[in-house]
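Heads up, the thing below is written out as structure tokens.
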Amino acid sequence: MQADVERLLARLLTDGGFRRRFVADPVSVAREEGLSPAEAQAMARLPSQDLKTAARSYEHKRASKLKRGARHWLIGWFRTDGR
Amino acid sequence: MDRVGLGWRPELAAGIFDALDEIDVLEVIADNYLDMHRQQRRALRMMARQVPIHIHSIALGLAGIEEVTSKRLDRVARLVNEVEPEAWSEHLAFVRAGGVEIGHLAAPPRTEASVAGAARNLQRARAAVGSMPLMENIATLIEPPCSQLPEAEWIAGIMSASGCGLLLDLHNLHANATNFGFDPLQFLSSIPLERVGCVHIAGGQWITAADGDKRYLLDDHLHDVPAPVYELLSVLAARAPQPLTVILERDGAYPPMPALLQELQHTRAALAAGRRQRAA
């Protein structure tokens, strides 16, 4: 089901250990996550290179957001309370 | 009349205010203002009185199968209602699933189920905010597994089912077409261009696979707009009947303001070239 596939993708893009386990045996991991046999086969066709590269990109974006958040980068310009 | 604008970033604020006669519209990232004090949002509202503003939301995840919560929608609704922008927008993406926060935009499987789920979320968004967002096509480095529909057909399906307009990101289109080997012109032929409510342009860079030598075009908003994106903009201007609003997105590695203004001039020239072709 769509929800199961989205949940699996979310885990694959955020959890390195889970991603490594999936790359080693994608069909079994997908089935464990509740995907149908057809969905698990479709997940197994996802190139591991693409998955790893995408995950690296997401990690970078999450780190950038944290860095920007720490600087309160947009707040400062419109601060009206004199700080 | 076509308009050209810029994404509002504090690093660019002084330059933007100095060049407001060359900037027709500004786009503000909603998520950076959701937790701000009312006074600070009021300052944003004052800016909206000076120059048309679009509010661009990132983290609702409206194209996910999970129902977007009222709490998240209410926060965006409060900002939109306080600032009174010309338009607001979100992404054709999911950002969380099963309690896992991805932290950025992700492409869901393009299925009939996700068309229906997105349409449901968009109706909830319209009910909460009072207007339908423009929805943006996203860049992705993975072709969503379990997809049944090509990207253009999936987008057109959501537009048809929900009634939303499109925020057409031409660099996202260029990057996806490059990475997955489809024709961006065919994509433009497959979506209702008359319902493009806004256009994004940006730049990116080539990256190499985490393991291996495969190369990908990454949409990073850190580089100049490449020639193929301007060419797509001209094609769009030649085909679309309505006035277009084009926003240049830049999220870092900021060049001097004159260089950004030059990109805006290049944007106007690309639009004009397309309009001439349309008139011929």
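Residue numbers (this note's numbering), protein chains in the order written: chain P, 8 to 90; chain U, 113 to 392.
Beta carbons are placed, not taken as given, at the ideal position from N, Cα and C, and that holds for glycine.
Chain-order list of residues whose beta-carbon lies under 6 Å from that of residue i (same chain, five-residue window excluded)
i: U/Gly269; result: Val227
i: U/Asp363; result: His333
i: P/Pro33; result: Met50, Ala51
i: U/Arg115; result: Asp136, Val137, Thr357
Same chain, Cβ closer than 7 Å to residue i, neighbours up to 5 away in sequence not counted
i: U/Pro221; result: Pro256, Pro257, Cys258, Ser259
i: P/Arg86; result: Any answer about P/Arg86 is weak, because its pLDDT of 36 lies below 50 and its placement is not dependable; what the coordinates show is given next. Excluding residues within five positions, none has a Cβ falling inside 7 Å.
i: U/Cys310; result: His166, Ala199, Ser201, Leu246, Leu279, Thr357, Ile359
i: U/Arg307; result: Met271, Gly277, Leu278
i: U/Val341; result: Leu282, His283, His286, Ile313
i: U/Ser302; result: Ala264, Glu265, Ala268
i: U/Asp186; result: Ala240
Chain U within 7 Å of residue i, Cβ atoms only
i: P/Glu46; result: yes
i: P/Glu13; result: yes
i: P/Ala49; result: yes
i: P/Ala10; result: yes
C-beta neighbour in chain P for residue i, strict 7 Å
i: U/Ser182; result: no
i: U/Val423; result: Here chain U has residues from 113 to 392 only, and residue 423 of chain U is not among them.
i: U/Pro197; result: no
i: U/His216; result: yes
i: U/Ala273; result: no
i: U/Ile404; result: As displayed, chain U neither begins before 113 nor continues past 392, which places residue 404 of chain U out of reach and without an answer.
i: U/Val227; result: no
i: U/Val163; result: no
i: U/Arg324; result: First, the amino acid is wrong: residue 324 of chain U is Gly here, not Arg. Yes, contact with chain P.
i: U/Ile128; result: no
i: U/Phe292; result: no
i: U/Val311; result: no
i: U/Ala321; result: yes
i: U/Phe62; result: Past the boundaries of the shown model lies residue 62 of chain U; chain U is included only from 113 to 392, so the question cannot be answered.
i: U/Ala131; result: no
i: U/Ala209; result: yes
Beta-ladder partner(s) of residue i, from DSSP
i: U/Ser201; result: U/His168, U/Leu246
i: U/Val311; result: U/Leu280, U/Val358
i: U/Glu213; result: U/Arg208
i: U/Gln317; result: U/Leu330
i: U/Arg115; result: U/Thr357
i: P/Ala10; result: P/Ala10 is not bridged to any residue.
i: U/Glu139; result: U/Gly119, U/His166
i: U/Ala218; result: U/Phe206
Presumed contact (8 Å Cβ cut-off) between residue i and residue j, rounded CB distance
i: U/Leu300; j: U/Arg351; result: 7 Å
i: U/Thr290; j: U/Leu345; result: U/Thr290 to U/Leu345, Cβ: 16 Å. No contact.
i: U/Ala209; j: P/Arg14; result: 4 Å
i: U/Val137; j: U/Val163; result: 7 Å
i: U/Gly229; j: P/Lys68; result: Between P/Lys68 and U/Gly229 the Cβ distance is about 24 Å, and since that is not below 8 Å, they are no contact.
i: U/Asn288; j: U/Thr252; result: 7 Å
i: U/Leu376; j: U/Leu118; result: 7 Å
Contacts around residue i, its chain only, beta-carbon distance under 8 Å, and the 5 residues preceding and following it disregarded
i: U/Val347; result: Leu297, Leu300, Gly386
i: U/Ala273; result: Val227, Ala228, Ala230, Ala231
Closer than 6 Å: residue i CB and nearest the ligand MG heavy atom
i: U/Tyr328; result: This structure lacks the ligand MG; in fact it carries no ligand of any kind.
Using a beta-carbon distance cut-off of less than 9 Å, what residues from the region 51-65 of chain P approach chain U?
-> Ala51, Arg52, Leu53, Pro54, Ser55, Gln56, Asp57, Leu58, Lys59, Thr60, Ala61, Ala62, Arg63, Ser64, Tyr65
Using a Cβ cut-off of 7 Å, which residues of the region 17-38 of chain P contact any Cβ in chain U, in chain order?
-> Ala17, Arg18, Leu20, Thr21
Residues in the region 251-266 of chain U having any Cβ partner in chain P nearer than 8 Å = Thr252, Leu253, Ile254, Glu255, Pro256, Pro257, Cys258
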